[in-house]
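If you read the sequences in order, they're chains A and B. Under this note's numbering, read the first sequence as residues 143 to 349, first letter to last. Under this note's numbering, read the second sequence as residues 143 to 349, first letter to last. All C-beta atoms, glycine included, are put in the ideal place defined by N, C-alpha and C.
2 protein chains.
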Amino acid sequence: MDNDDLRRGKPTNHKVFGESTAVLAGDALLSLAFEYIACKANNVSPDRLVRVFAELSSAIGSKGLVAGQLVDIESEGKVVSLKELEFIHVHKTAKLLEACVVCGVIIGGGNDNDNEKVRIYARFIGLLFQVVDDILDVTKSSMELGKTAGKDLVSNKATYPKVMGIDEAKNFAYHLMNQAVQQLACFDTAKAAPLYHLAYSIANRQN
Amino acid sequence: MDNDDLRRGKPTNHKVFGESTAVLAGDALLSLAFEYIACKANNVSPDRLVRVFAELSSAIGSKGLVAGQLVDIESEGKVVSLKELEFIHVHKTAKLLEACVVCGVIIGGGNDNDNEKVRIYARFIGLLFQVVDDILDVTKSSMELGKTAGKDLVSNKATYPKVMGIDEAKNFAYHLMNQAVQQLACFDTAKAAPLYHLAYSIANRQN
Numbered sequence: 143m144d145n146d147d148l149r150r151g152k153p154t155n156h157k158v159f160g161e162s163t164a165v166l167a168g169d170a171l172l173s174l175a176f177e178y179i180a181c182k183a184n185n186v187s188p189d190r191l192v193r194v195f196a197e198l199s200s201a202i203g204s205k206g207l208v209a210g211q212l213v214d215i216e217s218e219g220k221v222v223s224l225k226e227l228e229f230i231h232v233h234k235t236a237k238l239l240e241a242c243v244v245c246g247v248i249i250g251g252g253n254d255n256d257n258e259k260v261r262i263y264a265r266f267i268g269l270l271f272q273v274v275d276d277i278l279d280v281t282k283s284s285m286e287l288g289k290t291a292g293k294d295l296v297s298n299k300a301t302y303p304k305v306m307g308i309d310e311a312k313n314f315a316y317h318l319m320n321q322a323v324q325q326l327a328c329f330d331t332a333k334a335a336p337l338y339h340l341a342y343s344i345a346n347r348q349n
Numbered sequence: 143m144d145n146d147d148l149r150r151g152k153p154t155n156h157k158v159f160g161e162s163t164a165v166l167a168g169d170a171l172l173s174l175a176f177e178y179i180a181c182k183a184n185n186v187s188p189d190r191l192v193r194v195f196a197e198l199s200s201a202i203g204s205k206g207l208v209a210g211q212l213v214d215i216e217s218e219g220k221v222v223s224l225k226e227l228e229f230i231h232v233h234k235t236a237k238l239l240e241a242c243v244v245c246g247v248i249i250g251g252g253n254d255n256d257n258e259k260v261r262i263y264a265r266f267i268g269l270l271f272q273v274v275d276d277i278l279d280v281t282k283s284s285m286e287l288g289k290t291a292g293k294d295l296v297s298n299k300a301t302y303p304k305v306m307g308i309d310e311a312k313n314f315a316y317h318l319m320n321q322a323v324q325q326l327a328c329f330d331t332a333k334a335a336p337l338y339h340l341a342y343s344i345a346n347r348q349n
């Protein structure tokens with residue numbers, strides 16, 4: 143892929159292989175995720191694995207990723223409130239991040255309180271990721287981003303800078319990052335270091 | 143749904159709710175299947191549940207249902223050999239039936255030999271289901287079938303009667319049913335009764 147490809151955005155599987163094949167690839171990858179956990183997890187007790195399956199499947203399904211994607215599609219071209227925008231991002235992005243960190247805690251043998259803390263942490267960084275994405279879209283050039291800048295404006299997509307203004311969006315991002323890292327206070331700092339690092343790097347990413 | 147609806151065939155989710163929503167509904171149902179097993183299974187040991195997840199996800203994925211559907215789509219309008227036709231049906235239909243009966247054996251505490259026997263049984267009845275479907279399409283009226291008869295001929299779809307002739311297709315169906323029930327010989331007859339019944343009713347169904 144050369145720089146021109148980057149600027150234009152790489153064509154999706156739907157374009158390259160056709161609608162049906164792309165949909166089937168999605169189904170195959172979804173079941174592969176579960177197959178991988180069932181067959182490849184080493185030294186994890188089966189009762190923890192069953193809880194991992196419950197967490198992951200719930201994050202994907204009609205109360206998770208799918209709900210967010212559906213509301214996102216249905217709100218295309220419409221005026222979207224801040225509440226609806228948050229619903230979309232919490233479900234489309236944060237739910238899967240939640241599942242990742244909560245599954246880590248389950249596998250590592252954490253308790254319900256640990257689960258809840260990292261779940262809230264993930265919800266904040268998931269939302270943070272989207273707010274920063276929206277800010278970069280209006281403040282960076284296509285070359286800096288490695289993808290087409292300003293396309294949210296062109297596509298009439300609801301974004302945080304559009305709904306609350308660019309300065310308020312930046313303040314909101316800062317608030318989300320602080321809220322996220324506050325959830326980690328109860329953990330051993332050295333062990334939680336990767337989670338701190340993840341929050342900071344999402345907040346400060348430039349592309 | 144009235145008789146007219148039956149004759150025309152009920153419209154698919156794609157038609158009623160649109161492509162995107164129907165695809166998302168599929169993803170939601172796929173993850174719901176796993177969520178249901180993880181959260182609702184009572185009195186099943188976690189190690190057996192993990193084996194159920196492995197079996198089910200493998201049946202759906204790129205070596206199962208998805209593979210069959212992909213080859214089916216790609217062979218539309220082409221001349222299809224008997225080998226390709228069998229590949230499609232074994233993967234599109236029999237794999238999921240296999241998962242159903244094998245999961246029953248896993249949950250019930252069967253051994254590897256039991257697993258293998260019911261797996262082969264399911265492959266035969268899965269193929270049988272399709273062969274009978276093809277035969278009914280050319281031998282029954284739409285009213286008898288409860289769906290449009292003769293549509294395989296119209297759509298140029300590969301079928302067993304088309305590839306091997308109607309008499310040979312009927313012989314093949316009889317052969318598949320016998321092969322299926324032979325796999326059950328090692329089980330307690332009373333306990334295996336539902337599986338015998340299933341094979342006979344698939345072989346003798348009229349719509």
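(message) So, under 8 Å CB-CB, B:K225 and B:G210 are touching, yes? Tell me the CB distance rounded to an integer number of Å.
(response) That belief does not hold up - the Cβ atoms of B:K225 and B:G210 are roughly 13 Å apart, past 8 Å.
(message) To the nearest angstrom, how far is the alpha carbon of A:V165 from that of A:I308?
(response) 36 Å
(message) At the 8 Å Cβ level, is B:G203 part of the contact set with chain E, yes or no?
(response) Absent here is chain E; the protein component of the structure consists of chains A and B.
(request) With a threshold of 16 other CB atoms inside 10 Å of the CB of B:E197, please say whether the residue is buried or exposed. (result) By the C-beta density criterion, B:E197 is buried, having at least 16 other C-beta atoms within 10 angstroms.
(message) Is there a Cβ of chain B sitting closer than 8 Å to that of A:C242, yes or no?
(response) Taking 8 Å as the CB threshold, A:C242 stays off the interface with chain B.
(message) Suppose contacts are defined by Cβ-Cβ distances below 8 Å. Is A:S199 in contact with B:F176 by that definition?
(response) yes
(message) The alpha helix (DSSP H) that contains A:C328, what's its start and end?
(response) It is not in any alpha helix (DSSP H) - A:C328 carries neither H nor E in the DSSP assignment.
(request) Over the uninterrupted alpha helix (DSSP H) stretch that includes B:P188, give me the two end residues. (result) Taken as a continuous stretch (DSSP letters only), the alpha helix (DSSP H) holding B:P188 covers 188-202.
(message) Please report the distance separating the alpha-carbon of A:S217 from that of A:V232.
(response) 15 Å
(message) Am I right that B:D276 and B:A311 are in contact with their C-beta atoms under 8 Å? What's the rounded C-beta distance?
(response) 7 Å
(message) Let me make sure I understand the geometry here. Which of A:H317, A:F329, A:D330 has the alpha-carbon closest to that of A:Y342?
(response) A:H317
(message) Quick check: the Cα distance between A:Q321 and A:R265, rounded to an integer number of angstroms?
(response) Their backbone Cα atoms lie some 10 Å apart in a straight line.
(message) Using only the alpha-carbon positions, how far apart do B:P153 and B:T163 sit?
(response) 15 Å
(request) Would you give the residue range spanned by the alpha helix (DSSP H) that B:E162 belongs to? (result) Here residue 162 of chain B is Ser; the residue named in the question, Glu, does not match the sequence. 161-182 is the extent of the alpha helix (DSSP H) around B:S162.
(request) Please decide whether B:A170 counts as near chain A, where near means a Cβ-Cβ distance under 8 Å. (result) yes
(message) Using 8 Å for Cβ pairs, my map puts B:A345 next to B:L270. What's the rounded Cβ distance?
(response) 6 Å
(message) So for A:L148, helix, strand or coil by DSSP?
(response) Note on A:L148: pLDDT 44, under 50, position unreliable in the model; no value is reported.
(request) Would you kindly check if the distance between the Cβ of B:N349 and the Cβ of B:K299 is under 8 Å? (result) no
(request) Sort A:A334, A:P303, A:M319, A:Q324 by Cα distance to A:S223 and report the nearest one. (result) Distances from the alpha-carbon of A:S223 to those of A:A334, A:P303, A:M319, A:Q324 put A:P303 closest.
(request) Tell whether a beta-carbon distance below 8 Å holds between A:D169 and B:V208. (result) The answer is yes: Cβ separation under 8 Å.
(message) Short of 8 Å in beta carbon distance, which residues of its chain neighbour A:V243, apart from the five on each side in sequence? Order them along the chain.
(response) V260, R261, Y263, A264, L337
(message) Are the CB atoms of A:A201 and B:V192 within a distance shorter than 8 Å?
(response) no
(request) Kindly list, in the order they appear in chain B, the residues whose Cβ is closer than 7 Å to that of A:C181. (result) What A:C181 touches in chain B: A196.
(message) In whole angstroms, give me the CA-to-CA distance for A:D144 and B:A183.
(response) Its pLDDT being 40, under 50, A:D144 is placed unreliably by the model, and the measurement read from it follows with that caveat. Cα-Cα distance, rounded: 51 Å.
(request) Can you have a look at B:Q325 and say buried or exposed, based on whether 16 or more other CB atoms are within 10 angstroms of its CB? (result) buried
(request) Could you check if A:D214 is buried or exposed, using at least 16 other CB atoms within 10 Å of its CB as the buried criterion? (result) buried
(request) Starting from the beta carbon of B:E177, find every residue of chain A whose beta carbon is closer than 7 Å, and list them in chain order. (result) Simply A196, S199, S200, G203.
(request) Run down chain B in chain order and give the residues with a C-beta less than 8 Å from the C-beta of A:D254. (result) Going along chain B, no residue has its Cβ under 8 Å from A:D254, so there is no contact; the nearest lies around 16 Å.
(request) Taking A:L166 as the query, report the chain B residues whose CB atoms sit under 7 Å from its CB, ordered along the chain. (result) V208, Q211, L212
(request) Give me the Cβ distance between A:L172 and B:S173, rounded to the nearest whole Å; I'm assuming they're in contact under 8 Å. (result) Confirmed, about 7 Å.
(request) To the nearest angstrom, report how far apart A:F159 and B:K220 are at their CA atoms. (result) 19 Å
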